[in-house]
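J.: Please find one structure pasted underneath; my questions will follow.
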Amino acid sequence: MDSRFIRSTPFLRCNGKSESDERNKGDEEERIISKHSFLVSPLCMSGGDGEYSYSTNSLLQRRVLSKAKPVLVRNTKEVIINLNFPRYIKVADLGCSSGQNTFLAMSEIINTINVLCQHMNQTPPEIDCCLNDLPNNDFNTTFKFIQFFNEKNAMSKESYFVSGVPGSFYSRLFPRRSLHFVHSSYGLHWLSKVPEGLENNKMSVYIQNSSPLSTYKAYLNQFERDFTTFLKLRSEEMVSNGRMVLTFIGRRTIDNPLHRDCCHFWTLLSKSLRDLVVEGLVSASKVDSFYIPFYDPNEREVTEMVQKEGSFEINDLETHGYDLGHCNQDETKRSKSGQSEANYIRAVSEPLLVAHFGAAIINILFDKFAHHVSQHASCRNKTTVSIVVSLSRKKTFLMS
Ligand SMILES: C[S@@+](CC[C@H](N)C(=O)[O-])C[C@H]1O[C@@H](n2cnc3c(N)ncnc32)[C@H](O)[C@@H]1O
125 MDSRFIRSTP FLRCNGKSES DERNKGDEEE RIISKHSFLV SPLCMSGGDG
175 EYSYSTNSLL QRRVLSKAKP VLVRNTKEVI INLNFPRYIK VADLGCSSGQ
225 NTFLAMSEII NTINVLCQHM NQTPPEIDCC LNDLPNNDFN TTFKFIQFFN
275 EKNAMSKESY FVSGVPGSFY SRLFPRRSLH FVHSSYGLHW LSKVPEGLEN
325 NKMSVYIQNS SPLSTYKAYL NQFERDFTTF LKLRSEEMVS NGRMVLTFIG
375 RRTIDNPLHR DCCHFWTLLS KSLRDLVVEG LVSASKVDSF YIPFYDPNER
425 EVTEMVQKEG SFEINDLETH GYDLGHCNQD ETKRSKSGQS EANYIRAVSE
475 PLLVAHFGAA IINILFDKFA HHVSQHASCR NKTTVSIVVS LSRKKTFLMS
């Protein structure tokens with residue numbers, strides 16, 4: 125069965141309104157969308173392997189993985205040594221999405237363990253590789269890459285076993301004290317829902333320079349609730365001394381928490397939606413009620429939340445430049461990279477946009493988006509970064 129048609133819980137609303145508000149608005153298409161979004165959470169990446177799919181448009185995330193590789197390798201080695209070369213380990217990739225990226229991360233972990241065990245003359249452990257995402261993720265496309273994964277690891281001495289774990293990482297996914305290593309790349313900036321209290325943030329899908337301070341506070345509070353829940357749940361599932369390597373989109377620490385660059389991807393998406401309002405293709409009220417369930421914390425916010433929750437110690441905390449590769453190029457290259465950034469943002473947001481606006485506006489919306497990106501080709505992205513943090517599960521003492 126296609127995993128996208130499995131009923132998913134919890135349901136993520138993308139407009140902060142009740143279902144009955146939606147229905148009163150009227151037209152038949154909206155009712156159908158609303159009804160289906162009750163059954164299927166709209167947050168997922170575009171499935172399949174077509175032109176606009178996540179699988180085809182996730183080169184940026186592959187670059188992010190390779191920048192985080194030294195932290196991943198170091199922490200993989202340390203967990204195996206600290207756990208004294210166990211016979212078996214369970215590794216999870218949380219927010220694996222569809223496509224091959226998850227297998228690149230898993231291969232890195234398997235290869236690191238293999239080399240370390242050879243070096244130290246130890247028997248390699250059996251490895252349980254658990255790939256998690258929301259139930260409506262297109263796992264089928266991911267599992268088609270299993271052959272490539274097996275070929276890549278053909279020389280490895282360990283046995284490994286791959287399985288899919290559908291569910292939200294803001295809920296319990298694994299038995300108590302069963303997990304040894306958690307990897308998650310570019311999943312944790314997605315919130316469990318759109319925060320409440322965004323009504324005054326007009327015609328903008330996310331925080332931007334002109335947003336009221338209450339918008340920042342609403343997003344920050346939702347992120348804190350979600351991230352703290354994530355840490356608490358993983359602390360129950362992980363063994364003492366288990367490790368996590370988490371990479372997500374963040375922002376540089378500057379005084380004004382509302383500041384986002386003029387070329388920030390959600391700022392450009394808001395601009396593109398406003399173009400459609402001017403052209404009469406979308407109503408202003410429709411744009412006013414759409415928000416992205418996303419937050420880009422800074423290092424200080426992340427550190428304080430980890431310390432406040434208290435189950436993990438921070439080993440590494442790094443920020444890397446967020447490089448969409450469209451800066452300072454000549455005009456033809458600029459319009460090409462405008463298109464590729466449009467495809468990248470489309471791959472991660474199309475299901476959310478379709479659930480709210482319908483499918484008819486998507487092509488024209490991303491034509492506008494590509495145009496705005498090319499207009500900002502000379503901007504240097506100043507606020508957006510990738511944050512890589514590695515955490516150790518503190519020792520727990522069992523009560524007898
Ligand atoms: C941008 S993709 C990153 C995928 C992959 N890790 C990579 O590096 O290419 C983010 C993924 O996180 C998933 N995700 C978001 N919220 C989630 C949640 N609460 N539980 C599980 N997965 C989630 C999304 O469905 C999506 O597939």
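In the working numbering, the protein residues as written are 125 to 524. Cβ coordinates follow ideal geometry from the N, Cα and C atoms, glycine included.
What would DSSP say about Ala501, mapped onto helix, strand or coil?
T.: coil
J.: Check whether the segment 206 to 216 touches the segment 379 to 396, counting contact only when three or more Cβ pairs, one atom from each stretch, lie closer than 8 Å.
T.: no
J.: Mind checking Thr247: buried by the 16 CB within 10 Å criterion, or exposed?
T.: When all chains shown are included, Thr247 counts as exposed.
J.: If you measure from the CB of Val472, is any heavy atom of ligand 1 nearer than 7 Å?
T.: yes
J.: Use the C-beta contact count for Glu361: other C-beta atoms within 10 angstroms, 16 or more gives buried, fewer gives exposed.
T.: buried
J.: Can you say whether Glu465 is buried or exposed, counting buried as having 16 or more other CB atoms within 10 angstroms of its CB?
T.: buried
J.: Evaluate Asp420 with the Cβ neighbour count: other Cβ atoms within 10 Å of its Cβ, from every protein chain shown; 16 or more gives buried, anything less gives exposed.
T.: With 16 or more other Cβ atoms from the protein chains shown falling within 10 Å of its own Cβ, Asp420 counts as buried.
J.: Assess, as a yes-or-no matter, whether the segment 409 to 427 is touched by the segment 491 to 504 under the definition of 3 or more beta carbon pairs within less than 8 Å.
T.: no
J.: Is the distance from the Cβ of Asp262 to the Cβ of Ser222 below 8 Å?
T.: yes
J.: Quick one: is Cys503 near chain B, going by C-beta distance under 8 Å?
T.: Looking at the structure shown, chain B is missing, and only one protein chain is on hand.
J.: Could you give the distance in angstroms between the alpha-carbon of His450 and the alpha-carbon of Glu425?
T.: Confidence in His450 is poor, its pLDDT being 49 and thus under 50, which makes the residue's placement too unreliable to answer from.
J.: Under the three-state reduction of DSSP, which class applies to His383: helix, strand or coil?
T.: Reduced to three states, the DSSP call for His383 is coil.
J.: Evaluate contact between the segment 364 to 373 and the segment 183 to 203, counting only Cβ atoms and requiring at least three cross-stretch pairs below 8 Å.
T.: These segments touch.
J.: Note down the Cα distance separating Asp217 from Ile373, rounded to an integer number of angstroms.
T.: 17 Å
J.: Are there any heavy atoms of ligand 1 lying less than 7 Å away from the beta-carbon of Trp314, as far as the coordinates show?
T.: yes
J.: Check each candidate in Leu297, Asn345, Gly321 and name the one with the smallest Cα separation from Pro336.
T.: Gly321
J.: Considering Cys254, what are the terminal residues of the beta strand (DSSP E) in which it resides?
T.: 250 to 257
J.: Using only the heavy atoms of ligand 1, determine whether one of them is closer than 7 Å to the beta carbon of Tyr294.
T.: yes
J.: Anyone know if the C-beta pair for Ser114 and Val188 falls short of 8 Å?
T.: Shown here, the chain extends from 125 to 524; a query on residue 114 therefore has no answer.
J.: Would Ser364 pass as a contact of Lys519 if the rule is Cβ separation under 8 Å?
T.: yes
J.: Do you know whose CA, among Gln271, Met279, Ser338, Asp257, lies nearest Thr236's CA?
T.: Met279
J.: Helix, strand or coil for Thr507? Go by DSSP, reduced to three states.
T.: coil
J.: Using the beta-carbon count (16 or more within 10 Å), is Glu474 buried or exposed?
T.: With 16 or more other Cβ atoms within 10 Å, it is buried.
J.: Excluding the 5 residues flanking Arg375 on each side, which residues of the same chain have their C-beta closer than 7 Å to its C-beta?
T.: Asp420, Asn422, Thr507, Thr508, Val509
J.: Which first and last residues belong to the alpha helix (DSSP H) in which His243 is found?
T.: Residues 225 to 243.
J.: Given 7 Å as the limit, tell me if Ser182 has its C-beta closer than that to any heavy atom belonging to ligand 1.
T.: yes
J.: What do you reckon, are the CB atoms on Tyr340 and Gly219 nearer than 8 Å?
T.: no
J.: For my contact list, Met429 and Thr352 are in at a C-beta cut-off of 8 Å; report their separation, rounded to the angstrom.
T.: 6 Å
J.: Contact defined as beta carbons within less than 8 Å: I believe Ala471 pairs with Tyr176. What is the distance between those atoms, to the nearest angstrom?
T.: Yes, they are in contact, since the Cβ atoms of Ala471 and Tyr176 sit about 6 Å apart, within 8 Å.
J.: Tell me the DSSP secondary structure of Pro290 in three-state form.
T.: strand
J.: Does DSSP classify His450 as helix, strand or coil?
T.: Unreliable placement is indicated for His450, whose pLDDT of 49 sits below 50; the coordinate value is still reported in the next sentence. Looking at His450 - three-state DSSP - the assignment turns out to be coil, as it is neither helix nor strand.
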